[in-house]
Amino acid sequence: MKVVIARTAGFCKGVRGAIEITMNAIQERQKGEDICTFGPLIHNSQVLSMLAKKGVVDESRIECCAGKKVVIRAHGIPPDSRQKLHEQGAIILDATCKRVARVHAAIKIHARRGYNTIIVGDADHAEVIGLLGYTEGRGSVINRPEQIEDLPEGLEKVLLVAQTTQNEEVFREIQKAFLQKYPNGVVKNTICDSTQERQAEVRQMCSKVEAMVIVGGLNSGNTLRLAEVARECRIPTFHVETEAELDPVEMSRYSCVGVSAGASTPNWIIRNIVTFLEEIRPGAGQRVRVKHLLDGLAYSNFYIALAAALLAQMAAVLANLPAKASFSLMAAAYTFAMHSLNVYLDQESIELNDPGRAAFYMKWRPAFMAASAASLIIALALAYDIGFPNFLAMSLLMLLGVLYGVRLFLPAAWERFPVKIKDIPTSKTFLVPMAWASVCVLPYFTSAYPLRVAYAGWAIFLLVLVRTTMNDLLAIQGDRLVGKETLVVLAGERNTILFVVAAITVLVLTAVFGPFLSISSRFSYFLIVPAALYGIFIMLGFTRKLREEPIYEVLIEMVLILAGFCAIGWGVAH
Numbered sequence: 090m091k092v093v094i095a096r097t098a099g100f101c102k103g104v105r106g107a108i109e110i111t112m113n114a115i116q117e118r119q120k121g122e123d124i125c126t127f128g129p130l131i132h133n134s135q136v137l138s139m140l141a142k143k144g145v146v147d148e149s150r151i152e153c154c155a156g157k158k159v160v161i162r163a164h165g166i167p168p169d170s171r172q173k174l175h176e177q178g179a180i181i182l183d184a185t186c187k188r189v190a191r192v193h194a195a196i197k198i199h200a201r202r203g204y205n206t207i208i209v210g211d212a213d214h215a216e217v218i219g220l221l222g223y224t225e226g227r228g229s230v231i232n233r234p235e236q237i238e239d240l241p242e243g244l245e246k247v248l249l250v251a252q253t254t255q256n257e258e259v260f261r262e263i264q265k266a267f268l269q270k271y272p273n274g275v276v277k278n279t280i281c282d283s284t285q286e287r288q289a290e291v292r293q294m295c296s297k298v299e300a301m302v303i304v305g306g307l308n309s310g311n312t313l314r315l316a317e318v319a320r321e322c323r324i325p326t327f328h329v330e331t332e333a334e335l336d337p338v339e340m341s342r343y344s345c346v347g348v349s350a351g352a353s354t355p356n357w358i359i360r361n362i363v364t365f366l367e368e369i370r371p372g373a374g375q376r377v378r379v380k381h382l383l384d385g386l387a388y389s390n391f392y393i394a395l396a397a398a399l400l401a402q403m404a405a406v407l408a409n410l411p412a413k414a415s416f417s418l419m420a421a422a423y424t425f426a427m428h429s430l431n432v433y434l435d436q437e438s439i440e441l442n443d444p445g446r447a448a449f450y451m452k453w454r455p456a457f458m459a460a461s462a463a464s465l466i467i468a469l470a471l472a473y474d475i476g477f478p479n480f481l482a483m484s485l486l487m488l489l490g491v492l493y494g495v496r497l498f499l500p501a502a503w504e505r506f507p508v509k510i511k512d513i514p515t516s517k518t519f520l521v522p523m524a525w526a527s528v529c530v531l532p533y534f535t536s537a538y539p540l541r542v543a544y545a546g547w548a549i550f551l552l553v554l555v556r557t558t559m560n561d562l563l564a565i566q567g568d569r570l571v572g573k574e575t576l577v578v579l580a581g582e583r584n585t586i587l588f589v590v591a592a593i594t595v596l597v598l599t600a601v602f603g604p605f606l607s608i609s610s611r612f613s614y615f616l617i618v619p620a621a622l623y624g625i626f627i628m629l630g631f632t633r634k635l636r637e638e639p640i641y642e643v644l645i646e647m648v649l650i651l652a653g654f655c656a657i658g659w660g661v662a663h
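Each step along the sequence shown adds one to the number in my numbering, with nothing skipped, and position 262 is 351.
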């Protein structure tokens with residue numbers, strides 16, 4: 090089955106901001122501190138379940154929020170509720186969407202001037218309840234054009250606004266009827282730009298697909314609106330929260346299906362739906378089979394092992410030292426074993442970022458365990474063959490790798506400190522490149538050319554640092570929700586992208602000055618090519634499309650593989 094994914098599907102800025110505020114509160118929580126949300130943070134049960142596991146539950150009664158840190162949901166709350174929370178001694182963390190806050194401000198300004206406010210929306214929706222609180226008791230809620238006739242006659246001052254997730258076409262019809270009844274009325278189209286874009290894209294998609302699957306909470310206003318838009322286009326429409334609600338027999342009637350999602354729907358749920366749909370018809374074409382093969386190779390850590398093997402050859406070429414195939418095999422065996430073993434210590438994050446990968450690892454767990462153990466033995470044997478100091482260095486690398494995700498036994502007085510190496514902030518971002526660089530230059534630890542070896546290790550560290558950080562950008566949603574403190578989680582996407590740009594710049598400078606300082610071969614100039622390719626990825630904006638398929642993770646690894654093959658070619662030619 091061909092699946093077309095909406096560019097606008099997934100978290101909007103307001104939802105992302107609300108989750109960021111909540112996760113920051115969890116991260117900074119002091120011992121004994123209670124955190125709750127006033128009402129469900131967003132309309133997505135899977136995300137709410139994750140937050141509940143972290144001790145953050147939603148409270149609907151103000152008295153239950155007394156003395157707690159209270160996150161105001163993205164939909165906002167009435168001003169009197171906010172005042173009562175203050176009176177209860179609650180510490181308020183305002184996660185109200187900025188778009189919603191602007192509607193609050195517009196209503197508040199006009200209410201003070203004596204205006205009556207007409208809100209186009211759903212009367213029982215959390216956002217609308219919050220909006221009504223700013224009308225000073227002169228607010229009404231409608232959702233159909235004919236309801237304009239039921240409004241009072243002769244109002245001189247009247248304002249028309251909309252729930253931010255309203256149907257754009259319905260609002261226009263209501264606006265037309267409103268201005269006919271109140272020619273001097275003030276109209277403010279407060280429908281969020283993101284909502285308008287999603288609805289417009291769904292309309293466009295409906296002309297290109299045979300059916301639409303709308304993913305999101307069954308009580309989510311903006312998701313319900315997307316489903317309405319699709320049905321208005323007279324196309325079969327399925328509104329679901331997870332893939333379990335889709336009937337594969339029914340879906341098999343369609344050869345091309347569009348997928349869009351509400352503003353509260355995480356990427357991993359969208360990806361699950363897409364994977365489910367693509368697998369409904371195994372004979373749908375070569376494109377799907379090839380994709381699944383590539384996904385399987387990515388899941389198996391094949392590309393990681395290959396990249397490490399080739400980088401070991403690059404280390405030799407950069408340092409102008411002799412290389413052996415056994416050096417590459419050692420690096421490949423070590424990286425395969427470490428990545429495979431730590432997968433099972435990081436299962437929760439993988440389930441969120443890539444459910445398909447998580448299922449693959451659970452299915453093949455015995456095989457991965459056996460292959461990892463064999464790889465560790467091979468790596469140790471090859472290191473011992475090089476020399477005893479190299480064997481000791483490999484043993485230390487393995488010990489640190491195995492302990493990376495294992496709980497450490499610390500004194501009770503240190504209970505506030507991380508109990509796993511992987512829980513140390515940014516540990517993955519920097520320790521993984523350090524491990525790769527170390528294993529690639531390990532054969533030369535006792536070399537007579539320490540500056541060359543250090544240069545080669547530094548260059549490989551920078552390459553893998555950029556690669557690892559870009560992979561972290563792909564996995565930010567799951568990492569954030571499970572509390573995995575990568576650089577992107579701590580610093581944010583924008584700052585992380587700036588960091589990647591800085592690392593690429595340092596890599597280019599390293600490539601240029603290596604031969605100039607006579608500490609590397611002229612091959613180092615070629616490092617500018619992978620630096621440029623990673624720079625292109627960043628300039629493309631690392632868009633949502635880049636976050637949806639394992640194939641893009643493969644492309645990130647392929648940059649290292651390309652550089653490694655070029656190093657082999659250089660070594661043969663010189």
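Ideal Cβ placement from N, Cα and C applies to all residues, glycine included.
Fewer than three Cβ pairs drawn from the region 223-243 and the region 279-288 lie within less than 8 Å of each other, which leaves the two stretches out of contact. The beta carbons of Q402 and A656 sit closer together than 8 Å. By the Cβ rule, the region 220-235 counts as touching the region 253-271, because three or more pairs are nearer than 8 Å. The Cβ atoms of R96 and E258 lie no closer than 8 Å to each other. Here V530 is actually not in contact with A397; their C-beta atoms are around 12 Å apart, not less than 8 Å. Between the region 148-166 and the region 176-188 there are three or more C-beta pairs closer than 8 Å, enough to call the two in contact.
Your pair N356 and G99 checks out as a contact, with CB atoms roughly 5 Å apart and the cut at 8 Å. Around the beta carbon of A422, 16 or more other beta carbons lie within 10 angstroms, which makes this residue buried.
Following the DSSP letters along the chain, one finds H328 in no alpha helix (DSSP H) but inside the beta strand (DSSP E) bounded by residues 326-329. Taking 8 Å as the cut-off, the Cβ atoms of I303 and S349 count as close. The C-beta distance from L649 to L400 rounds to 6 Å, short enough to meet the 8 Å contact threshold. Take M523, set aside five residues on each side of it, and the residues of its chain with a beta-carbon closer than 8 Å to its own are F550, in chain order. Annotated as distal: V542 and L596, with beta-carbon spacing of 8 Å or more. Beta-bridge analysis with DSSP links N205 to V247. When DSSP states are grouped into helix, strand and coil, C322 belongs to the coil group. Per DSSP, the unbroken beta strand (DSSP E) holding C345 starts and ends at 345-350.
DSSP places E332 in the helix class (H, G or I) of the three-state scheme. Here K142 is exposed. Its C-beta has fewer than 16 other C-beta atoms within 10 Å.
With contacts defined as CB atoms closer than 8 Å, S353 and I131 qualify as a contacting pair.
Apart from the 5 residues on each side of it in sequence, I115 sits with its Cβ closer than 6 Å to the Cβ of K143 in its chain, given in chain order. Sequence-distant partners of L587 (beyond 5 residues in either direction) whose C-beta falls short of 7 Å from its own C-beta are missing from its chain. Under DSSP, M487 forms no beta bridge with any residue.
Nearest neighbour of N256 by Cα position, chosen from E245, T224, E317, K187, turns out to be E317. Look at M90 here: in three-state DSSP terms it is coil, with no helix or strand label.
The distance from the Cβ of E148 to that of Q177 is about 11 Å, inconsistent with a contact at the 8 Å cut-off. Per the coordinates, the alpha-carbon of V276 lies some 30 Å from the alpha-carbon of G306. The three-state secondary structure of A95, taken from DSSP, is coil. When G274, M451, L220, I218 are compared, the shortest CA-CA separation from E245 is found for G274. Secondary-structure assignment with DSSP links F127 through a beta bridge to E148, I161. Per DSSP, reduced to three states, the secondary structure at I586 is helical.
Under the criterion of beta carbons closer than 8 Å, L616 and A548 qualify as touching, at roughly 6 Å. In this structure the region 188-201 touches the region 210-229; the number of beta carbon pairs closer than 8 Å is three or more. Within the same chain, and ignoring the five residues on either side of M647 in sequence, the residues whose Cβ sits closer than 8 Å to its Cβ are Y392. Distance from the Cα of K413 is smallest, within the candidate group S344, W453, S527, Y533, for Y533.
DSSP, read as helix, strand or coil, puts D561 in helix.
When DSSP reads this structure, L395 sits in no beta bridge, so it has no partner.
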